[in-house]
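Just so we're aligned: the sequence shown equals residues -37 to -1, 1 to 247 in mature numbering (1 follows the signal peptide of the UniProt record, and there is no 0). Down below is the structure, laid out as structure tokens.
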Amino acid sequence: MNTHPAKLIRPRSSAILATAALTLTAALGSGAAPACANGLDSSPGSDFAAPDKVSEIEFPVTVSHRGGADVYPEESMEGFTASAKDGFLPEMDIQFLEDGTPVLIHDDTADRTLNGVSGPIRDLSLEEWDAATIKHPQGGEPAQTVTLDEALDELGGEVVMVPEIKPGATSAEVDQVLDVFDERGLKDSLVVQSFDFEAAKTIAQRGYTSLYLTGATLPTESFDEISDAGIEWVGPSKNLPTRDLRKLDKAGFHVAPYTLATSKDGHRLPGWIDGYFTDDAWTN
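Structure representation (structure tokens):
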């Protein structure tokens, strides 16, 4: 995969950088941290290698699923930042707390990935969320939980991010998230995903690059219906047969299957695939 020139970035918040440095140091000590895939320095403060605009994406693009969930604490700032530094697009999932605050976590419950809290994410207060930590996939130091605003403060506009508005979000919550993106002027630097066709259509109508997530079969909507909705990307399961992946490609969509174990698996995909999601973007 070709990489982009490093971009200059704004200064980071010292608290998040300090946590990232500690986690990276701990991982290096245990031999668990990945070597930089492109030879770039991944220490805090170095420049990002990931593109900062959707128009600058080079294909095939590697999407770091949940910030590299097999390498870093899932949906942590450490994982997002490390992914961006090494040229991968950080992907994250948006859920909502009891007060409506958008936060970054895949599951609709806390139990699998978080320490210190349990139960539905929608039942948690912001105070409980802030007090929780994210488990490390390799038994290393846990990481701090991340709100959507915190991630956008650190990465918004600096790298292309791939947020997913999770199933179960109301139309009002979809608009709420897009309003946040609007306020920050992020139309050029986001690929926004959803498994919900109406949400994916709304994302496109609001001027964002929309990725419609589907399953191991072709979507129930016709290709013309998807295209007419303004949706440019389709993200099928990796288990979708190659012949059907090719149909999506020939229909003019950017096709990015999910979720491959490592980038090594991504390199085995047909050359016409435009990208892929992986839990370990560093293993080639």
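The beta carbon of each residue, even a glycine, is placed where N, CA and C say it ideally should be.
Could you give the residue range of the beta strand (DSSP E) that holds Asp56?
-> Sequence index remark: in the sequence shown, residue 56 carries index 93 (1-based). Run containing Asp56: 52 to 59, per the beta strand (DSSP E) assignment.
Report buried or exposed for Ser18, applying the criterion of at least 16 other Cβ atoms within 10 angstroms of its Cβ.
-> Counting from 1 along the sequence shown, the entry for residue 18 is found at position 55. Burial check for Ser18: the Cβ neighbour count within 10 Å stays below 16, so the residue is exposed.
What are the start and end residues of each continuous beta strand (DSSP E) run of 3 or more residues lying completely inside the stretch 182 to 236, in chain order?
-> Correct list: 196 to 198.
CB contact flag (Ala45, Phe11, <8 Å) | To locate residue 45, count along the sequence shown from 1; it is residue 82. To locate residue 11, count along the sequence shown from 1; it is residue 48. For the 8 Å CB-CB criterion, Ala45 and Phe11 do not form a contact.
Please determine, among Glu37, Phe59, Ala135, Asp70, the residue with the shortest C-alpha to C-alpha distance to Thr165.
-> Position 202 of the sequence shown, counting from 1, holds the residue named residue 165. Looking at the Cα atoms, Ala135 is the closest of the given residues.
Since Ser200 contacts Tyr175 with CB under 8 Å, what's their CB separation in whole angstroms?
-> As a working note, residue 200 is residue 237 in the sequence shown. As a working note, residue 175 is residue 212 in the sequence shown. Approximately 13 Å separates the beta-carbon atoms of Ser200 and Tyr175; this is outside 8 Å, ruling out the contact.
Ile166 by DSSP, collapsed to three states: which one?
-> Numbered from its first residue, the sequence shown carries residue 166 at position 203. Three-state DSSP puts Ile166 in a helix.
With DSSP as the reference, label Gly119 as helix, strand or coil.
-> Counting from one through the sequence shown, the residue named residue 119 turns up at place 156. DSSP, read as helix, strand or coil, puts Gly119 in strand.
Going by beta carbon distance, what residues of the same chain come within less than 8 Å of Asp242, once the five residues before and after it are set aside?
-> Locating residue 242 in the sequence shown gives position 279, counting from the first residue. Here the set comprises His28, Arg29, Gly31, Ala32, Asp33, Val34, Thr222, Leu223, Ala224, Thr225.
Looking at Val122 and Pro23, is the spacing between their C-beta atoms short of 8 Å?
-> By one-based count along the sequence shown, residue 23 stands at place 60. By one-based count along the sequence shown, residue 122 stands at place 159. With respect to Val122, Pro23 sits apart: the two C-beta atoms are not nearer than 8 Å.
Do Ile236 and Leu208 have their CB atoms nearer than 8 Å?
-> Taking the first residue of the sequence shown as 1, we reach residue 236 at position 273. Taking the first residue of the sequence shown as 1, we reach residue 208 at position 245. Their beta carbons are under 8 Å apart, which means Ile236 touches Leu208 by this criterion.
Tell me, please, whether the stretch 79 to 95 touches the stretch 143 to 155 by the rule of three or more beta-carbon pairs shorter than 8 Å.
-> Under the Cβ criterion (8 Å, minimum of three pairs), the stretch 79 to 95 does not count as touching the stretch 143 to 155.
Out of Asp212, Gly193, Thr205, Ala214, state which residue places its alpha-carbon closest to the alpha-carbon of Arg231.
-> As a first step, residue 231 must be located in the sequence shown, where it is residue number 268. The candidate whose alpha carbon is nearest that of Arg231 is Thr205.
Would you mind giving the Cβ-Cβ distance between Leu87 and Glu61, rounded to the nearest angstrom? I have them listed as a contact below 8 Å.
-> Mapped onto the sequence shown, residue 87 falls at position 124. Mapped onto the sequence shown, residue 61 falls at position 98. With 8 Å as the limit, Leu87 and Glu61 qualify as a contact, their Cβ atoms being about 6 Å apart.
Got a sec? Which residues, its chain only, sit under 6 Å from Val109 by beta carbon, not counting five neighbours each side?
-> The sequence position of residue 109 within the sequence shown is 146, counting from 1. Excluding positions up to five away in sequence, the list reads Met40, Leu67.
Rounded separation between Leu(-14) and Leu211 - CA only | As a working note, residue -14 is residue 24 in the sequence shown. As a working note, residue 211 is residue 248 in the sequence shown. At Leu(-14) the pLDDT is 38, less than 50, meaning the model places this residue with poor confidence; the figure from the coordinates comes in the next sentence. Approximately 39 Å between the Cα atoms of the pair.
Apply the 10 Å Cβ neighbour rule to Gln107 and answer buried if 16 or more other Cβ atoms are within range, or exposed otherwise.
-> Numbered from 1 along the sequence shown, position 144 holds the residue referred to as residue 107. Here Gln107 is buried, its C-beta having at least 16 other C-beta atoms within 10 Å.
Would you kindly work out how many angstroms separate the C-alpha atoms of Glu113 and Ile189, rounded to a whole number?
-> Against the sequence shown, residue 113 aligns to sequence position 150. Against the sequence shown, residue 189 aligns to sequence position 226. Taking the straight line from one Cα to the other gives about 32 Å.
Out of curiosity, what's the CA-to-CA distance linking Trp196 and Ile20?
-> To locate residue 196, count along the sequence shown from 1; it is residue 233. To locate residue 20, count along the sequence shown from 1; it is residue 57. Distance between the alpha carbons of Trp196 and Ile20 is about 13 Å.
Three-way DSSP call (helix, strand, coil) for Thr180 in this model = Against the sequence shown, residue 180 aligns to sequence position 217. It is coil, neither helix nor strand.
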